[in-house]
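Protein chains: 2
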Amino acid sequence: MKKLSEMTSEELLAFKNETEKQYLDFKSLNLSLDMSRGKPAPAQLDLTMPMMNILDGDSLKAENGFDCRNYGVLDGIPEAKKMFADVLGVQPENIIVYGNSSLAIMYDVMSRAWTHGVLGNKPWSKYDKVKFLCPVPGYDRHFSICEYFGIEMINIPSNDEGPDMDMIEKLVSEDETVKGIWCVPQYSNPTGVSYSDAVVKRFASLKPKASDFRIFWDNAYCIHHLTDSPSCILNIFDECKKNGTENMVYEFMSTSKVSFPGSGVAVLAASKENVESIKKGLGIATIGYDKINQLRHVKFFKNAEGLKEHMKKHKEILAPKFDVVIDQLEKNIAPLGIAKWHKAEGGYFISFDAMSGCAKRIVSLCKEAGVVLTGAGATYPYGNDPEDSNIRIAPSYPSVEELSKAMELFCICIKLASAEKLLAAK
Amino acid sequence: MKKLSEMTSEELLAFKNETEKQYLDFKSLNLSLDMSRGKPAPAQLDLTMPMMNILDGDSLKAENGFDCRNYGVLDGIPEAKKMFADVLGVQPENIIVYGNSSLAIMYDVMSRAWTHGVLGNKPWSKYDKVKFLCPVPGYDRHFSICEYFGIEMINIPSNDEGPDMDMIEKLVSEDETVKGIWCVPQYSNPTGVSYSDAVVKRFASLKPKASDFRIFWDNAYCIHHLTDSPSCILNIFDECKKNGTENMVYEFMSTSKVSFPGSGVAVLAASKENVESIKKGLGIATIGYDKINQLRHVKFFKNAEGLKEHMKKHKEILAPKFDVVIDQLEKNIAPLGIAKWHKAEGGYFISFDAMSGCAKRIVSLCKEAGVVLTGAGATYPYGNDPEDSNIRIAPSYPSVEELSKAMELFCICIKLASAEKLLAAK
Numbered sequence: 057m058k059k060l061s062e063m064t065s066e067e068l069l070a071f072k073n074e075t076e077k078q079y080l081d082f083k084s085l086n087l088s089l090d091m092s093r094g095k096p097a098p099a100q101l102d103l104t105m106p107m108m109n110i111l112d113g114d115s116l117k118a119e120n121g122f123d124c125r126n127y128g129v130l131d132g133i134p135e136a137k138k139m140f141a142d143v144l145g146v147q148p149e150n151i152i153v154y155g156n157s158s159l160a161i162m163y164d165v166m167s168r169a170w171t172h173g174v175l176g177n178k179p180w181s182k183y184d185k186v187k188f189l190c191p192v193p194g195y196d197r198h199f200s201i202c203e204y205f206g207i208e209m210i211n212i213p214s215n216d217e218g219p220d221m222d223m224i225e226k227l228v229s230e231d232e233t234v235k236g237i238w239c240v241p242q243y244s245n246p247t248g249v250s251y252s253d254a255v256v257k258r259f260a261s262l263k264p265k266a267s268d269f270r271i272f273w274d275n276a277y278c279i280h281h282l283t284d285s286p287s288c289i290l291n292i293f294d295e296c297k298k299n300g301t302e303n304m305v306y307e308f309m310s311t312s313k314v315s316f317p318g319s320g321v322a323v324l325a326a327s328k329e330n331v332e333s334i335k336k337g338l339g340i341a342t343i344g345y346d347k348i349n350q351l352r353h354v355k356f357f358k359n360a361e362g363l364k365e366h367m368k369k370h371k372e373i374l375a376p377k378f379d380v381v382i383d384q385l386e387k388n389i390a391p392l393g394i395a396k397w398h399k400a401e402g403g404y405f406i407s408f409d410a411m412s413g414c415a416k417r418i419v420s421l422c423k424e425a426g427v428v429l430t431g432a433g434a435t436y437p438y439g440n441d442p443e444d445s446n447i448r449i450a451p452s453y454p455s456v457e458e459l460s461k462a463m464e465l466f467c468i469c470i471k472l473a474s475a476e477k478l479l480a481a482k
Numbered sequence: 057m058k059k060l061s062e063m064t065s066e067e068l069l070a071f072k073n074e075t076e077k078q079y080l081d082f083k084s085l086n087l088s089l090d091m092s093r094g095k096p097a098p099a100q101l102d103l104t105m106p107m108m109n110i111l112d113g114d115s116l117k118a119e120n121g122f123d124c125r126n127y128g129v130l131d132g133i134p135e136a137k138k139m140f141a142d143v144l145g146v147q148p149e150n151i152i153v154y155g156n157s158s159l160a161i162m163y164d165v166m167s168r169a170w171t172h173g174v175l176g177n178k179p180w181s182k183y184d185k186v187k188f189l190c191p192v193p194g195y196d197r198h199f200s201i202c203e204y205f206g207i208e209m210i211n212i213p214s215n216d217e218g219p220d221m222d223m224i225e226k227l228v229s230e231d232e233t234v235k236g237i238w239c240v241p242q243y244s245n246p247t248g249v250s251y252s253d254a255v256v257k258r259f260a261s262l263k264p265k266a267s268d269f270r271i272f273w274d275n276a277y278c279i280h281h282l283t284d285s286p287s288c289i290l291n292i293f294d295e296c297k298k299n300g301t302e303n304m305v306y307e308f309m310s311t312s313k314v315s316f317p318g319s320g321v322a323v324l325a326a327s328k329e330n331v332e333s334i335k336k337g338l339g340i341a342t343i344g345y346d347k348i349n350q351l352r353h354v355k356f357f358k359n360a361e362g363l364k365e366h367m368k369k370h371k372e373i374l375a376p377k378f379d380v381v382i383d384q385l386e387k388n389i390a391p392l393g394i395a396k397w398h399k400a401e402g403g404y405f406i407s408f409d410a411m412s413g414c415a416k417r418i419v420s421l422c423k424e425a426g427v428v429l430t431g432a433g434a435t436y437p438y439g440n441d442p443e444d445s446n447i448r449i450a451p452s453y454p455s456v457e458e459l460s461k462a463m464e465l466f467c468i469c470i471k472l473a474s475a476e477k478l479l480a481a482k
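Line by line, the protein sequences are chains A and B.
Each residue of the first sequence is one higher than the one before, counting from 57 in the working numbering.
Each residue of the second sequence is one higher than the one before, counting from 57 in the working numbering.
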């Protein structure tokens, strides 16, 4: 196959016409598939169903004798704190076990920084301007929180080791209104990149001008591997200890894609000082989170090792789907030289970069033919991908067969949009 | 028995010495009882234990076919919305089913009013001063939320029909910075008073100067009756409709004291316009609440009628405890003319008013002898009961035997503190 950029106008036109025919054939299939979000497939949810009656007949007492059925315990039952501390490589005293959503924790932490400030510092709302650094492409829901509070977002380009640390170090050390950064350090959403050791070390040794600068370390995919020999990122808190910067990091994780999205357990890890301060605020808003569900999770997974073992079952279901995506791109798109992508070794997404100016067109073509992708631009602050190039592929929910069909369509749409673009430029 | 106020100094001294002896005897029993919070007793929690495995083998699909195990559905599954709408006498479209805590909803609503304003109005944080009206005595955790945001609280005296509506109408109509009021309209915390029809009607017809004035209608005890023929307060939304004031009310309830505190389901009821606006904000902070737990609750209680039937079982356990409190007060304290109390027909508390200046002393005497009561002053904003008179009695958690013992001690402490006070004044 010839690269599209090397085709003559005539060849391109023929290519486009041929692709258009394929597209119309697909449209007539009346597909209806949603690949817009990183939703686990039903088969993955089935893995956790035995959790449903695991507390039957039990006393519902925590290991310290506390009756999980009643009021009390703000920061989580001891065995849940221990399990998640072991996953994240911190101490139980560094853990708060919340409710069902790590996004809700992030919002809460941001909202309190906004209204009450961080560790005794001035509330962020009192600044004329507050800025956040946003490695791009990134997670749309992170960006929505910033936008909601009117926080100015600054795009930070990323490569295969993580975000551009030179730029981050410069901005953070020079500007007191830069108050935070969003990071998905392991299997980034959507790039799938895991931060290199050097990048983690540079994060831990940041010297921010703002004493209330915080790294929002959203370790959502810390145990969500897709290979048999996964490599994990460095423990950020271990690195921070070497630099005395433990207060600079809030780490988040949840079991949303381990047990059940919406019915899992979410966790914050932070320095003792941050934990104490956050607990004071939380105590105003609630008497405590769902301890019975915490107990349910500990009884089912037992410990950190159990959580990791369970994730291997998810991998068995997920990995073939990622393979379908990569295989089809390799086969149908690679020879044409019109796009790039990253083969993720974990997480929930494959990040796809079309030719500049083609992402919106591709997503819209797919949609018209019945396949809903994450909106083009969604992976950038304000929904604005300056290159109109990045598309987040979420292969988890459809079956392998459905996904295969959807990817065929996706490849056709890539070809069509790219041919249109090149022809227009001729 | 003679009234204490009618005793001579000598009689009082003898009374005090005799009571002191009884107190010391009690101290030697080394009691250890916590009556500080409205916690259900273990026997009440046992009532809901069959809920633990009620989803076993089920598909976990909501009635509309939605898989409750996965992401999605911000405002609650349809059957949960319906059940709670029926309890509160509104339509499902007026309901948002949240997570495990109505307090957390109240905090969230307040926090968003603070940062983003209410229905397009200016954020409350942009005012130099924001005021809330607080019927007293009231619920300490309501007051803590106001204090956290630096909202000035204005005490509103209450009587057996509810709060002083003349005062409320005046303050609300004159002062644009009065942005809200805390109400526990049915079986108030702690007075046990249910608002009269006239009071509810006057609330619904308030003409606030501030268009973003909101009534925080915390209907925590709407189905928590202690008699066989309970009388319910008027439906505030029905009354609001007559006045076109539906947007003025946020109503809250939860199953914390129906199923499990901390593992129940909490609900907001509001006008369609408020619901839509709140959902926009919520969508920034979370993808959704715990739908599996919502389903668990609906499968167990079935419907509003089922919820009400279940509460009768709670009543069987709770009512005898309230009787113990009232009986002992009637027997030991009434003849002495040194205190007042309200016999609640529902809810979780009995409000006790000692002689002025005695509440702290009574609570401290009880504590020294091993019975922890809610802190004196806790029922007032800033923990400041100007009369130092009100004590909230929470009889639910101890067994009848323990409670009986605790009330004996409580009565002794009342007598002792009152005698001390009267002697000091001689």
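The C-beta atom is built at its ideal place from N, Cα and C for all residues, glycine as well.
Bridge-paired residues (DSSP) for residue i
{"i": "B/W397", "result": "B/F408"}
{"i": "A/H281", "result": "A/G402"}
{"i": "B/C124", "result": "DSSP, once it has assigned bridges, lists no residue as partnering B/C124."}
{"i": "B/S214", "result": "B/P219"}
{"i": "A/L89", "result": "A/V427"}
{"i": "B/E487", "result": "Summary: the structure shown does not reach residue 487 of chain B, with chain B confined to residues 57 through 482, and so no result is reported for it."}
Cross-chain neighbours of residue i in chain B, by beta carbon under 9 Å
{"i": "A/P98", "result": "D123, R125 and N126"}
Closer than 8 Å at the beta carbon, the chain B residues around residue i
{"i": "A/N349", "result": "S319, D346 and N349"}
{"i": "A/F316", "result": "R125, N126 and I348"}
{"i": "A/S181", "result": "T171 and S181"}
Proximity test, Cβ basis, 8 Å: residue i and chain B
{"i": "A/G402", "result": "no"}
{"i": "A/S167", "result": "yes"}
{"i": "A/Y163", "result": "yes"}
{"i": "A/L101", "result": "yes"}
{"i": "A/S310", "result": "no"}
Continuous alpha helix (DSSP H) stretch holding residue i: start and end
{"i": "B/D274", "result": "Note, B/D274: premise wrong, no alpha helix (DSSP H); beta strand (DSSP E) at R270 to D274."}
{"i": "B/N446", "result": "It is not in any alpha helix (DSSP H) - B/N446 instead sits in the beta strand (DSSP E) that spans N446 to I449."}
{"i": "A/C422", "result": "A415 to E424"}
{"i": "A/F259", "result": "D253 to A260"}
{"i": "B/L324", "result": "No alpha helix (DSSP H) contains B/L324, which is instead part of the beta strand (DSSP E) from A322 to A325."}
{"i": "B/V381", "result": "A360 to Q384"}
{"i": "B/I161", "result": "S158 to H172"}
C-beta neighbour in chain A for residue i, strict 8 Å
{"i": "B/F205", "result": "yes"}
{"i": "B/I468", "result": "no"}
{"i": "B/T171", "result": "yes"}
{"i": "B/I201", "result": "yes"}
Check whether residue i and residue j have beta carbons under 8 Å apart
{"i": "B/F188", "j": "B/I224", "result": "no"}
{"i": "A/I279", "j": "A/K399", "result": "no"}
{"i": "B/T342", "j": "A/L159", "result": "yes"}
{"i": "A/E307", "j": "A/L144", "result": "yes"}
{"i": "A/Y251", "j": "A/G218", "result": "yes"}
{"i": "B/V256", "j": "B/I210", "result": "no"}
{"i": "A/A266", "j": "A/N150", "result": "no"}
Under 7 Å by beta carbon: chain B residues contacting residue i
{"i": "A/G155", "result": "G155 and N156"}
{"i": "A/D112", "result": "M108 and N109"}
{"i": "A/E160", "result": "The sequence shown places Ala at residue 160 of chain A, rather than the Glu named in the question. Within chain B, the residues near A/A160 are A341 and T342."}
Residue interval of the beta strand (DSSP E) (run including residue i)
{"i": "A/V483", "result": "Because chain A here runs from 57 to 482, residue 483 of chain A falls outside it and cannot be looked at."}
{"i": "A/Y79", "result": "Not the beta strand (DSSP E): A/Y79 falls in the alpha helix (DSSP H), residues S65 to K83."}
{"i": "A/E307", "result": "V305 to S310"}
{"i": "B/W238", "result": "V234 to C239"}
{"i": "A/C190", "result": "K187 to V192"}
{"i": "A/I201", "result": "From DSSP, A/I201 is part of no beta strand (DSSP E) but of the alpha helix (DSSP H) over D196 to Y204."}
Amino acids of chain A, ordered along the chain, whose beta-carbon sits closer than 9 Å to that of residue i
{"i": "B/K95", "result": "N126, Y127 and G128"}
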